[in-house]
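Student:
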Amino acid sequence: MGQHDADTSTAPRRGFFRRRRSAEDRTLTRETLPSVLFPQSSAGEAPSARSAMALVDVYAAVSVYARLFAMLPWHHYARQADGGRRQVADSTLARLLRQPAAGIAASAWRGHLGATLALHGEAFVGLFRDRDDNPAQLGQLHPERVEVKIDRGEP
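Under the numbering used here, the residues of the sequence shown are numbered 1 to 155, in order.
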């Protein structure tokens, strides 16, 4: 047995749980943390959606996703009193889902929406109204031009 082993197992540790006299500064900043937590990257800046689409693999993956998104049937359903649902064919929403905007096929519109969702992680649809304030067409809003604000817990 060494000279320190005999005394430390049963000896009380005085002052171990005593409150310190001065406050300890525990602010975590880049300067106070080890540099290993902030690895340096030689890759440069994060790629944009445009530069990512220049890569063949990204282009192929986004294309497959957009095509599958475009092929999905989009219908308007209404809840029934018994908890079931029924397809609504003659509503404004059903019409907009069949023909979202003039001059563009619904599948092409949905495909572009799917590509935007795949590239940006979010997609936004704007509802445009006619002069009589009736819903006229749907438009896609670029995610970089939209700012989501939370109002009373709702976006």
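Even for Gly, the Cβ is constructed at its ideal location relative to N, Cα and C.
Is the separation between the beta-carbon of A136 and that of A108 shorter than 9 Å?
Tutor: The answer is no: Cβ separation not under 9 Å.
Student: Provide the residue span of the alpha helix (DSSP H) that contains V125, from first to last.
Tutor: First-last for V125: 124-129, but that is the beta strand (DSSP E), not the alpha helix (DSSP H).
Student: State the Cα-Cα distance for the pair L117 and Y65, rounded to the nearest angstrom.
Tutor: Computed Cα separation, rounded: 9 Å.
Student: Does the structure place the segment 34-50 close enough to the segment 70-89 that three or more beta carbon pairs sit under 8 Å?
Tutor: Not touching, per the Cβ criterion.
Student: Is it buried or exposed for R110, if we count other Cβ within 10 angstroms and need 16 for buried?
Tutor: Looking at its Cβ environment, which holds 16 or more other Cβ atoms inside 10 Å, R110 is buried.
Student: Go to V88, then tell me how far its beta strand (DSSP E) extends in each direction, as first and last residue.
Tutor: That run of the beta strand (DSSP E) goes 85-88.
Student: So, for L68: in the same chain, excluding its five sequence neighbours on each side, which residues have a beta-carbon less than 8 Å away from its beta-carbon?
Tutor: The answer, listed in chain order, is G114.
Student: Measure the C-alpha to C-alpha separation of D130 and L138 and round it to an integer number of angstroms.
Tutor: Between D130 and L138, the C-alpha separation is close to 11 Å.
Student: Taking DSSP as the reference, what is the three-state secondary structure of E154?
Tutor: In the structure shown, E154 sits in a strand (DSSP, three-state: E or B).
Student: Within 10 angstroms of its Cβ, does A60 collect 16 or more other Cβ (buried), or is it exposed?
Tutor: Exposed: under 16 other Cβ atoms inside 10 Å.
Student: I need the boundaries of the beta strand (DSSP E) containing H76, first residue and last residue.
Tutor: Per DSSP, H76 belongs to the beta strand (DSSP E) from 76-79.
Student: Under the rule that 16 or more other beta-carbon atoms within 10 Å means buried, what is A123, buried or exposed?
Tutor: Classification of A123: buried, given that the 10 Å Cβ count is 16 or more.
Student: Which of the three DSSP states, helix, strand or coil, is assigned to L113?
Tutor: Of the three classes helix, strand and coil, the one that applies to L113 here is helix, per DSSP.
Student: May I have the straight-line CA-CA distance separating F128 from R79, to the nearest angstrom?
Tutor: Near 26 Å, if we compare the C-alpha coordinates of R79 and F128.
Student: Under the assumption that F38 contacts R50 (Cβ atoms under 8 Å), give the Cβ distance between them as a whole number of angstroms.
Tutor: With a Cβ gap of about 28 Å, F38 and R50 do not count as contacting.
Student: For P100, name the three-state secondary structure that DSSP assigns.
Tutor: In the structure shown, P100 sits in coil (DSSP, three-state: anything other than H, G, I, E or B).
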